[in-house]
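Numbering (the working numbering), first residue to last: 895 to 1025.
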């Protein structure tokens, strides 16, 4: 399992990136760094590892087309077998945000995030599989 703590290169904003890699079954550290560098070079990933285009990044990694929708976090959206669901947690006490893969079960890139423990799901990124 990839952990955000292990990747100084990816930085503090790498939680969304690592969550997407987890959802797409990328577990190799070398492959992760290759995707990160390629995504930055193509302008899909920002300098701080924020995802600038979820659709292009998912296509670059998987070869499949997805359509990404931001959904309110009040209710978990319905998903189908090939869809991906990434939750954005918010902790009001710290005012931190943190992304986690919740497609099948919770994957926390920090492994023990205070934002996940104390916070709530503010929104989801639903990546709907097209082909």
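Using N, Cα and C, we set each Cβ at its ideal position, and we do this for glycine too. Since the model is a prediction, treat every value here as computed from it, not as a measurement.
For residue i, which residues of its own chain have a beta-carbon under 8 Å away from its beta-carbon, when the five flanking residues on both sides are left out?
| i | result |
| --- | --- |
| residue 948 | 914, 960, 962, 1019, 1021 |
| residue 918 | 952, 955, 956, 978 |
Assign residue i to buried or exposed, taking buried as 16 or more other Cβ atoms, counted over all protein chains shown, within 10 Å of its Cβ.
| i | result |
| --- | --- |
| residue 983 | buried |
| residue 942 | exposed |
| residue 935 | exposed |
Among the options, whose alpha-carbon lies nearest the alpha-carbon of residue i?
| i | options | result |
| --- | --- | --- |
| residue 1013 | 976, 972, 968, 1023 | 968 |
| residue 973 | 920, 1023, 916 | 1023 |
| residue 1008 | 1000, 999, 988 | 988 |
| residue 970 | 910, 923, 1015, 920 | 1015 |
| residue 1027 | 927, 1000, 1011, 932 | In the structure as shown, the chain begins at 895 and stops at 1025. Residue 1027 is therefore absent and cannot be evaluated. |
Starting from the C-beta of residue i, find all residues in its chain whose C-beta is less than 7 Å away, skip the five residues before and the five after it, and write them out in chain order.
| i | result |
| --- | --- |
| residue 1025 | 958, 959 |
| residue 946 | 937, 938, 939, 940 |
| residue 1017 | 964, 965, 966, 967, 982 |
| residue 950 | 938 |
Can you name, in chain order, every residue of its own chain whose Cβ lies under 6 Å from the Cβ of residue i, other than the five neighbours on each side?
| i | result |
| --- | --- |
| residue 976 | 1023 |
| residue 944 | 907 |
| residue 910 | 945, 993 |
I want to know whether the segment 974–981 touches the segment 989–997 - three or more CB-CB distances under 8 Å. yes
Where in the segment 922–994 do unbroken runs of the beta strand (DSSP E), each at least 3 residues long, occur, reported from the N-terminal end onward? Look at the segment 922–994 and you find these whole runs of beta strand (DSSP E), each 3 residues long or longer: 960–966, 978–985.
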